[in-house]
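Please read the structure below before turning to the comments.
Residue numbers (the numbering used here): 12 to 183.
This is how it looks when you write it as structure tokens:
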């Protein structure tokens with residue numbers, strides 16, 4: 012199943028054990044080099060509770076209406092999930108990075124990311140220009156990721172990008 016990063020943010024987190032809502036997704040943490048879905052920042056239910064980390068390995072299932080975990084005990088401090096803590100500390104994000112080809116042609120900046128939740132990996136980049144044209148760039152077209160630029164293959168614009176369409180699984 013494919014979900015956009017913007018769709019995941021704000022989703023409720025449900026506990027299978029308690030059969031209740033136990034929190035809300037605040038942010039998604041992707042590995043800045045590989046695109047692996049590392050985890051989430053979650054706001055647990057309750058007054059004045061601090062945000063907690065949720066490893067993607069502790070997620071039992073994804074749905075366009077929510078994320079399912081075993082119980083609320085899977086929410087931990089960010090320091091307890093080593094890759095999560097390291098990535099959050101570096102503040103290197105996919106959103107806002109410039110996307111350009113090997114030849115230097117700039118396609119725009121990343122405004123959203125499509126995630127294959129079954130593989131827990133980035134699947135496509137949603138790239139927009141200043142004037143509003145929008146493209147999806149497949150993960151296999153990415154050559155290198157730096158803190159400010161994502162370098163993609165130069166194969167001709169038609170094979171590199173495709174007009175924006177949301178996969179049917181993301182809507183269902």
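All C-beta atoms in this analysis are idealised placements derived from N, C-alpha and C, irrespective of residue type, glycine included.
Only a predicted model underlies this, so the values are computations on that prediction, with no experimental measurement involved.
1. When we look at the beta-carbon of residue 58 and count the other beta-carbons within 10 Å, is it buried (16 or more) or exposed?
2. Classify residue 159 as buried or exposed, calling it buried when 16 or more other Cβ atoms lie within 10 Å of its own Cβ.
3. When burial is assigned at 16 or more other CB atoms within 10 Å of the CB, is residue 63 buried or exposed?
4. In whole angstroms, what is the alpha-carbon distance linking residue 79 and residue 96?
5. So which of 50, 133 and 144 has the shortest CA-CA distance to residue 92?
6. For residue 142, is the classification buried or exposed, using 16 other Cβ atoms within 10 angstroms of its Cβ as the cut-off for buried?
7. Does DSSP put residue 145 in a helix, a strand or coil?
8. Relative to the alpha-carbon of residue 37, which residue among 23, 89 and 163 has its alpha-carbon at the smallest distance?
9. Sort out for me which residues DSSP pairs residue 36 with in a bridge.
10. Who pairs with residue 109 in a beta bridge, going by DSSP?
11. Using beta-carbon positions only, say whether residue 81 and residue 18 come within less than 8 Å of one another.
12. Return the residue from the list 157, 161, 134 and 118 that minimises the CA-CA distance to residue 151.
13. Between residue 56 and the rest of its own chain, which residues show a CB-CB distance below 7 Å, the 5 nearest in sequence each way excluded?
14. Do residue 76 and residue 111 have their C-beta atoms closer together than 8 Å?
15. In the DSSP assignment, the alpha helix (DSSP H) including residue 92 goes from what residue to what residue?
16. Is the separation between the beta-carbon of residue 137 and that of residue 124 shorter than 8 Å?
To lay it out plainly:
1. exposed
2. exposed
3. buried
4. 22 Å
5. Selected option, being the one with the closest Cα: 50.
6. exposed
7. Three-state result, residue 145: strand.
8. Answer by Cα proximity: 23.
9. 53
10. 120 and 160
11. no
12. 134
13. 32, 33 and 34
14. no
15. Premise fails: residue 92 is in no alpha helix (DSSP H) and is neither H nor E.
16. yes
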